[in-house]
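Worksheet for the structure shown next.
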Amino acid sequence: MAQGKNIERHFDEHYFVSGHTACSGCGQAIAARLVANVAGPKTIIANSTGCLEVFSTKSPESSWRVPWVHSLFENSAAVASGIEAALKHEGKEDINVIAQAGDGGTGDIGLQAISGMLERNHNILFVCYDNEAYMNTGIQRSGLTQFEANTTTSPIGKVTKGKLHYKKPVLEIFAAHCIPYAASTSIAYPRDLERKVKKALETKGPKYLQIHVPCPLGWGHLPSLTMEIAKNAVLSGLYPMVEYENGEVVKVFKISKRISVDEYVRPQARFKHLIKDVGAMKALQEVADKNIEYYKLG
Amino acid sequence: MKKFIEGSHAVAEAVRMCKPGVVSAYPITPQTHIVERIAKFVADGELNAQCVNVESEHSAASLVLGASMMGERVFTATSSQGLILMSEVLFNIAGMRLPIVMVCANRALSAPINIWNDHQDAISLRDSGWLQLFAEDNQEAHDFICQAYKIAEDHKVMLPVMVNMDGFILTHGMEVVDVAEEKTIDKFLPSYNAPYKLDIENPMSFGLLGDPSVYLETRLALHKTMEETLETIPKVGEEFASLFGRKGVDLIEEYNIEGSGTVVIAMGSVCGTIKDYIDGSDEDIGLLRVISYRPFPKERIRKALKGAKRVVVLEKAISLGSEGPLYTEVRSLLDTDTTAISGFIAGLGGRDITFETLDEMMNVVKESPGERCRFLGVDSSLLKEEFYV
């Protein structure tokens, strides 16, 4: 009986509800609920193909309690633009429109459609759940995969080890469109995340929010460590939490107690090869150092 | 009211009167005049729509998908490479059962890049789940728009419709068009009432993952609906005819078939040339014009060809490595023991199909009947001898 009431309450209080098939410890599922709950019932969501779409809407079930549509991998920004244009035509301007995708659907295959959406000044929040690889297809490297990370298409070989290229600066690319609001955050800081979603939705025009979401399966860590690893990404300087308004940095999350990159990567199998490779570890530390210097996180 | 008007503008006028709420397209020759004119209507306040200039055809199709999902009547137009870039979204639109109407200004596909007319673009989307209608002239292109919405938005149909018109030949051709009265269109085409949509009052999820336990049935349902539109299309055409006083859409058109031993089968504007050719010929030649390529009106074609001894398929597309796709389908309907069938490819990349081309075709039919895939009007000097016999 008590259990039944809890479930009822769960369905009343949340707009992205349980019963989906995400892996245990999935950072994206946590972030999706936080975003949906802040946005509330007057929201329409366009979702790109990816883990979130697959684990939340296997026919005939859906975890979404707001109107939700999935079309294709690279087009959620364009689908959302159509939704927003329809709302404009109907004179309904008080409904939130959110487009969302993983890092591949955002920074690689979806980049063009998002750039178009930003340039055309649609009143849409685009949310990127950044788990730093194509997890839905089995952990292949994306443009947003962290430097040196081991994925199935940036494997540890005899000649090369891990991703050879730096993480694509997608937040900076979108901020450079001089949109009213662009920010990064992490599920390790739910209050920060919620504040940024709220701020974005209160801002008129195109907005971009990039959320760091660990993936236990793809990163090779215990599901119980999701939050801790997310936090260490921020504290090491590898995932700066920053806010842009009209193309200018207006606020950064200052790191109170900085940790080494070593501490962040140690529990993750994707960085296992760095533990015995001093040069490789140093190279990743330099990425963190540059972030801290560039965004003045110290 | 009769107007001497360019094909693209005749289409734009028809779209304006159908009152779409959202229009989105990307420029591509020879489609551009259609959306340019629609953009002007919106800028002048003659059409109350959101006209969104996107960064690609892929996004144009995706944008109208999103707006259609909101319950809006929408419009897009494209051609050639644009259609092929859209193709992923076009399959998706049909699967999501959205009544979107688009115009395809038919144009050849690259390489080599070529902006002129043939049907390869639309034919390549044959299996996408879109109804495909081919207009012969600008009057039809104009009239097909409101009929396309009427067919698509029928709650028993809920499928997208592609109105095909030959690039340049029709889009840029000036003809006298009897432009419909807006009040007659209003009477014929009520505003769109979506049976399902994105709505905060009734939140639903669309575009779900269909695993092996459900996918097959969704395709069967789509196929069955497509077959049912074989009845919807002529019905809508009859309703159009009674209101507008001119012929409406149909699956096929028969021209001088009765008593003709030879029947030519073709689609689009070349049928005008063929009709003139028939009118000036001493021989018994008829024309079967395929208007609806999808759904493919098998029974109507079979019935129309009953008395034909020779069937000649003339088409502006080829399934490379096989033969003309229309030829393949027509052949599958005929008893080849009693009917000789020949297949011809002509007009690719805008090569004119003239009376000389048709003379060449009829000579081949007489001298070597049963050619499966013969190209017409070939300049043999451009081909190495070993490739051309």
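Same order as they appear, the protein sequences are chains A and B. Take the first sequence: its letter number 60 is residue 60 in our numbering, and every next letter is one higher. Take the second sequence: its letter number 158 is residue 1158 in our numbering, and every next letter is one higher. Even for Gly, the Cβ is constructed at its ideal location relative to N, Cα and C. These figures come from a predicted structure and were not determined experimentally.
In this structure the region 1159 to 1172 of chain B does not lie against the region 14 to 26 of chain A, because fewer than three pairs of beta carbons, one per stretch, are closer than 8 Å. Of the residues assessed, residue 1212 (chain B) falls on the exposed side of the cut-off, its CB having fewer than 16 other CB atoms within 10 angstroms.
Under DSSP, residue 1375 (chain B) takes part in a beta bridge, and its partners are B:1345. Cβ-Cβ separation between residue 124 (chain A) and residue 1198 (chain B): approximately 14 Å, too far for a contact (criterion under 8 Å).
By the C-beta density criterion, residue 204 (chain A) is exposed, having fewer than 16 other C-beta atoms within 10 angstroms. In the three-state reduction of the DSSP assignment, residue 1095 (chain B) falls in the helix class.
Chain-order list of chain A residues neighbouring residue 1193 (chain B): empty, with the shortest C-beta distance near 14 Å, by a criterion of under 7 Å.
Within 8 Å of the CB of residue 1200 (chain B), the CB atoms of chain A belong to 41, 42, 43, 44, 66, 67, 95, in sequence order along the chain. Taking the Cβ atoms as the reference, residue 1349 (chain B) lies roughly 4 Å from residue 1108 (chain B), within the contact range of under 8 Å.
In the DSSP secondary-structure assignment, residue 151 (chain A) is bridged to A:154. Under DSSP, residue 1266 (chain B) forms a beta bridge with B:1289. Judged by pairs of C-beta atoms under 8 Å, the region 102 to 115 of chain A does not touch the region 1068 to 1081 of chain B, as fewer than three such pairs exist.
It is roughly 14 Å from the alpha-carbon of residue 1189 (chain B) to the alpha-carbon of residue 1155 (chain B). Chain order gives no chain A residues near residue 1234 (chain B), where near means a beta carbon separation below 8 Å; the closest approach is about 32 Å. Distance from the CA of residue 284 (chain A) to the CA of residue 66 (chain A), rounded to the nearest whole angstrom, comes to 41 Å. Against chain A, a Cβ distance below 9 Å from residue 1058 (chain B) picks out 72, 74, 75, 78, 112, 113. Out of B:1257, B:1330, B:1307, B:1263, the CA that lies nearest to the CA of residue 1296 (chain B) is found in B:1330.
Shown here, residue 244 (chain A) sits in a strand according to DSSP, grouped into three states.
Of the residues B:1149, B:1117, B:1361, B:1304, the one whose Cα lies closest to the Cα of residue 1313 (chain B) is B:1361. Looking at A:30, A:10, A:12, the one whose alpha-carbon comes closest to that of residue 188 (chain A) is A:30. Against chain B, the CB of residue 185 (chain A) has no partner CB under 8 Å away; the residue lies outside that interface. At a cut-off of 8 Å between beta-carbon atoms, residue 89 (chain A) makes contact with chain B. Between residue 219 (chain A) and residue 1205 (chain B), the gap from beta carbon to beta carbon reaches 8 Å or more.
Below the 8 Å Cβ cutoff, chain A contributes 81, 82, 85, 120 as neighbours of residue 1052 (chain B), in chain order.
Taken through DSSP and simplified to helix, strand or coil, residue 1029 (chain B) comes out as coil.
The beta carbon of residue 116 (chain A) falls within 8 Å of a beta carbon belonging to chain B, placing the residue at that interface.
For residue 1106 (chain B), DSSP records a beta bridge to B:1166. The beta carbon of residue 1226 (chain B) is closer than 6 Å to those of 1295 in its chain, skipping five residues each way along the sequence. Look at the region 1004 to 1067 of chain B and you find these whole runs of alpha helix (DSSP H), each 4 residues long or longer: 1007 to 1018, 1032 to 1043. Burial is judged here by how many other beta carbons sit within 10 angstroms of a residue's own beta carbon; residue 222 (chain A) has fewer than 16 and is exposed. Per the coordinates, the alpha-carbon of residue 1223 (chain B) lies some 52 Å from the alpha-carbon of residue 159 (chain A). The beta carbon of residue 58 (chain A) sits closer than 8 Å to some beta carbon of chain B.
According to DSSP, residue 70 (chain A) shares a beta bridge with A:47. Under the 8 Å criterion on CB atoms, residue 54 (chain A) is classed as interfacial with respect to chain B. Looking at A:169, A:199, A:186, A:248, the one whose alpha-carbon comes closest to that of residue 229 (chain A) is A:186. Under a 10 Å Cβ-count criterion, residue 1336 (chain B) is classified as exposed, with fewer than 16 other Cβ atoms of the shown protein chains found around its own Cβ.
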